[in-house]
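Single-structure report; data block below.
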Amino acid sequence: MTPDGAPVRPATRPAVDPRRLSSLPPYPLAGIPEARARLLAAGRDVLDLGAGDPGLPIPGRAVDALREAAGRPELQSYGFQRGLPAYRRAIASFMERRYGRALHPDREILPLIGSKEGLALAAFAALDPGDTALAPDPGYAPYFGGPHLAGARLERVRLGPETGFTVPPEAILDAPGTLGLVYLNYPNNPTGATVERPYVAACVDACARRGALLAYDNAYAEIGFAGYRPPGLLEVEDGLECGIEFHSFSKSFNMTGWRLGWACGSAAWIARLAKVKSFIDTGPYLALQHAGAAVLEDAEPYLARNVMLLEERRDAAVAAFRGAGFDLEPPRGALYLWMRIPTGEPARDFALRVLEEQAVVLLPGSALGAGGEGYVRAALTLPVEGYEEAATRVARAL
Ligand SMILES: *Cc1c(COP(=O)(O)O)cnc(C)c1O
Numbered sequence: 082m083t084p085d086g087a088p089v090r091p092a093t094r095p096a097v098d099p100r101r102l103s104s105l106p107p108y109p110l111a112g113i114p115e116a117r118a119r120l121l122a123a124g125r126d127v128l129d130l131g132a133g134d135p136g137l138p139i140p141g142r143a144v145d146a147l148r149e150a151a152g153r154p155e156l157q158s159y160g161f162q163r164g165l166p167a168y169r170r171a172i173a174s175f176m177e178r179r180y181g182r183a184l185h186p187d188r189e190i191l192p193l194i195g196s197k198e199g200l201a202l203a204a205f206a207a208l209d210p211g212d213t214a215l216a217p218d219p220g221y222a223p224y225f226g227g228p229h230l231a232g233a234r235l236e237r238v239r240l241g242p243e244t245g246f247t248v249p250p251e252a253i254l255d256a257p258g259t260l261g262l263v264y265l266n267y268p269n270n271p272t273g274a275t276v277e278r279p280y281v282a283a284c285v286d287a288c289a290r291r292g293a294l295l296a297y298d299n300a301y302a303e304i305g306f307a308g309y310r311p312p313g314l315l316e317v318e319d320g321l322e323c324g325i326e327f328h329s330f331s332k333s334f335n336m337t338g339w340r341l342g343w344a345c346g347s348a349a350w351i352a353r354l355a356k357v358k359s360f361i362d363t364g365p366y367l368a369l370q371h372a373g374a375a376v377l378e379d380a381e382p383y384l385a386r387n388v389m390l391l392e393e394r395r396d397a398a399v400a401a402f403r404g405a406g407f408d409l410e411p412p413r414g415a416l417y418l419w420m421r422i423p424t425g426e427p428a429r430d431f432a433l434r435v436l437e438e439q440a441v442v443l444l445p446g447s448a449l450g451a452g453g454e455g456y457v458r459a460a461l462t463l464p465v466e467g468y469e470e471a472a473t474r475v476a477r478a479l
């Protein structure tokens with residue numbers, strides 16, 4: 082019986098778990114959130130270096146502008162795909178200051194509800210079922226999930242120390258099948274790998290030869306240490322012709338929960354991505370876009386200070402974990418230490434053991450793909466004083 086007393090109609094066919102969904106692995110955290118919640122509930126002092134969310138203060142203007150915008154009648158309606166013109170103009174101006182190239186605010190920029198959705202939906206803009214998508218392994222989940230849900234074949238490129246944890250451009254040239262889409266991300270989550278402009282140019286060239294879309298995930302574009310400035314497609318000749326670059330407020334401005342980002346690329350690629358999105362979502366809340374514009378208009382002082390704070394954390398974390406027995410190079414960008422597990426234990430076992438025994442959350446590298454086996458990722462989420470204690474605890478588990 083249903084709650085209102087009507088008889089339930091018998092199913093004539095059992096509900097199926099569609100293979101496209103059931104063949105996706107569980108979202109990559111391997112029991113960590115449950116174990117963490119259990120330890121916290123038991124009153125343990127958990128040190129969380131798991132998720133990439135540093136928790137630093139967000140720009141003051143973001144809150145002021147949102148508060149003001151939240152009361153404006155014209156910002157309460159659907160934003161649709163192209164969103165708020167002032168937001169796109171602020172993005173164009175920020176990108177021109179950053180990379181020295183002008184973007185057309187109406188045709189070459191698309192607001193996103195965070196960059197993750199855009200990265201996943203790029204698969205529907207670029208791939209037919211059976212086409213090949215190439216992604217780094219380990220890598221961010223939407224690089225696998227998007228192409229899989231779009232019915233494409235995945236070519237996973239194992240990252241390792243031999244190539245400095247980068248995808249060799251030859252892997253793009255040699256990928257089997259009809260290559261429709263390539264994901265790249267530098268500074269890289271989780272490995273911390275960084276690249277220079279000639280490498281990006283070689284990848285753009287390889288994608289152009291293969292007729293593939295390059296989805297260049299530049300979520301960490303504004304997190305480079307010791308003066309390092311991560312490159313982007315706008316600095317490379319024809320970079321936008323075969324590429325879409327993805328940007329986000331999440332890491333640059335510590336605004337992970339706001340779900341605000343943008344894509345930029347050639348008018349043709351942006352139109353394709355906008356078409357996909359028009360059947361799936363209706364864009365970020367206009368008041369958020371208004372606040373995003375206010376942040377971008379005066380971004381540079383905030384970004385410089387944010388990098389300084391993260392660099393202090395990086396230096397403290399590297400020193401502490403080296404002292405604990407990990408062999409580490411300081412990353413030049415992003416928010417993570419990528420650490421080989423000295424015991425040779427499987428990453429998931431090690432991370433769960435460190436959590437249960439020492440109450441320290443690390444992300445097992447294998448959670449981001451088989452290529453991450455043997456490593457754990459430690460995010461720069463603790464204040465400078467926290468890493469000595471975290472590393473001492475982890476050392477006890479070695
Ligand atoms: C955090 C992160 C993003 C940003 O995702 P949002 O949806 O913008 O929050 C994108 N790519 C990678 C690799 C990340 O680690």
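If you're matching positions, the sequence shown starts at 82 in my numbering and goes up one per residue.
Glycine is no exception: its CB is placed at the ideal position from the N, C-alpha and C atoms.
message: Less than 7 angstroms between the beta carbons of T275 and R413, yes or no?
response: Start at 1 with the first residue of the sequence shown, and residue 275 comes out as number 194. Start at 1 with the first residue of the sequence shown, and residue 413 comes out as number 332. Yes, the Cβ-Cβ distance between T275 and R413 is below 7 angstroms.
Rounded straight-line distance, which links the Cα of R434 to that of G195: Position 114 of the sequence shown, counting from 1, holds the residue named residue 195. Position 353 of the sequence shown, counting from 1, holds the residue named residue 434. When rounded, the distance between both Cα atoms is 33 angstroms.
Bridge partner(s) assigned by DSSP for V457: By 1-based counting over the sequence shown, the position of residue 457 is 376. According to DSSP, V457 bridges with M420, P445.
- request: Pick out the complete alpha helix (DSSP H) segments inside the segment 352-428, 4 residues or longer, and give them in chain order.
  value: If only complete runs of 4 or more residues are kept, the segment 352-428 shows the alpha helix (DSSP H) at 367-378, 380-404, in order along the chain.
field: Cβ neighbours of P249 in the same chain (closer than 6 angstroms, five flanking residues each side left out)
entry: To locate residue 249, count along the sequence shown from 1; it is residue 168. There are no such residues.
field: For H185, the residue or residues it bridges with in DSSP
entry: Numbered from 1 along the sequence shown, position 104 holds the residue referred to as residue 185. Its beta-bridge partners do not exist; DSSP assigns none.
- prompt: Considering only C-alpha positions, which residue in the set E318, A352, L191, R182 is nearest to G364?
  reply: To locate residue 364, count along the sequence shown from 1; it is residue 283. Nearest option by C-alpha distance: L191.
task: Report the residue from Y297, F306, F330, R421 whose alpha carbon sits nearest the alpha carbon of G324.
output: Taking the first residue of the sequence shown as position 1, residue 324 is located at position 243. Closest option to G324, Cα to Cα, is Y297.
Secondary structure, alpha helix (DSSP H): runs of 4+ residues fully inside the segment 178-253: Counting only runs of 4 or more, we get 196-207, 222-230.
field: Contact check, L147 vs A368, beta carbons under 7 angstroms
entry: Taking the sequence shown and counting its residues from 1, one reaches residue 147 at position 66. Taking the sequence shown and counting its residues from 1, one reaches residue 368 at position 287. Contact: yes.
message: Our contact map puts V457 next to L449 with C-beta atoms below 8 angstroms; I'd like the distance itself, whole angstroms only.
response: Here residue 457 refers to the residue found at position 376 when the sequence shown is read from its first residue. Here residue 449 refers to the residue found at position 368 when the sequence shown is read from its first residue. Actually they are not in contact, since the Cβ atoms of V457 and L449 sit about 11 angstroms apart, beyond 8 angstroms.
- prompt: Can you tell me whether E198 is buried or exposed, with buried defined as 16 or more other CB within 10 angstroms of its CB?
  reply: Locating residue 198 in the sequence shown gives position 117, counting from the first residue. Buried: at least 16 other Cβ atoms inside 10 Å.
message: Give me the pocket residues for ligand 1, defined as CB within less than 6 angstroms of any heavy atom, sorted by chain position.
response: Going along the chain, the residues that qualify are G133, G195, S196, K197, Y221, N266, N270, D298, A300, S329, S331, K332, T337, G342.
field: Cα-Cα separation, S333 to E322
entry: Translated into positions along the sequence shown, residue 333 becomes position 252. Translated into positions along the sequence shown, residue 322 becomes position 241. If you take the alpha carbons of S333 and E322, they lie about 25 angstroms apart.
- prompt: Can you check whether the CB of A201 is closer than 7 angstroms to the CB of P223?
  reply: Counted from its first residue, the sequence shown places residue 223 at position 142. Counted from its first residue, the sequence shown places residue 201 at position 120. Yes; because the gap between Cβ atoms is below 7 angstroms, this pair is in contact.
- request: Counting only the same chain and skipping the five closest in sequence on each side, list residues whose C-beta sits under 7 angstroms from that of R239.
  value: Working through the sequence shown from its first residue, we reach residue 239 at position 158. So the qualifying residues of the chain are D218, G452.
message: Quick check on this structure: which residue in R182, A405, D408, G273 has the alpha carbon closest to the alpha carbon of Y309?
response: Residue numbering aside, residue 309 sits at position 228 when the sequence shown is read from its first letter. Ranking the options by Cα distance to Y309, first place goes to G273.
message: Taking 7 angstroms as the threshold (C-beta atoms), are A397 and Y468 in contact?
response: One-based indexing of the sequence shown puts residue 468 at position 387. One-based indexing of the sequence shown puts residue 397 at position 316. Going by C-beta atoms, Y468 is nearer than 7 angstroms to A397.
field: Within the segment 90-128, ranges of the alpha helix (DSSP H) (whole runs, at least 4 residues)
entry: For the segment 90-128, the continuous alpha helix (DSSP H) assignments of 4+ residues that do not extend past its boundaries occur at 100-103, 113-122, in sequence order.
query: Candidates A401, Q157, P228: which alpha carbon is nearest R474's?
result: As a first step, residue 474 must be located in the sequence shown, where it is residue number 393. Ranking A401, Q157, P228 by Cα distance to R474 puts A401 first.
query: Per DSSP, what kind of secondary structure is I304 in: helix, strand or coil?
result: For the purposes of this step, residue 304 is taken as residue 223 along the sequence shown, with counting starting at 1. Secondary structure at I304: coil, using DSSP grouped into helix, strand and coil.
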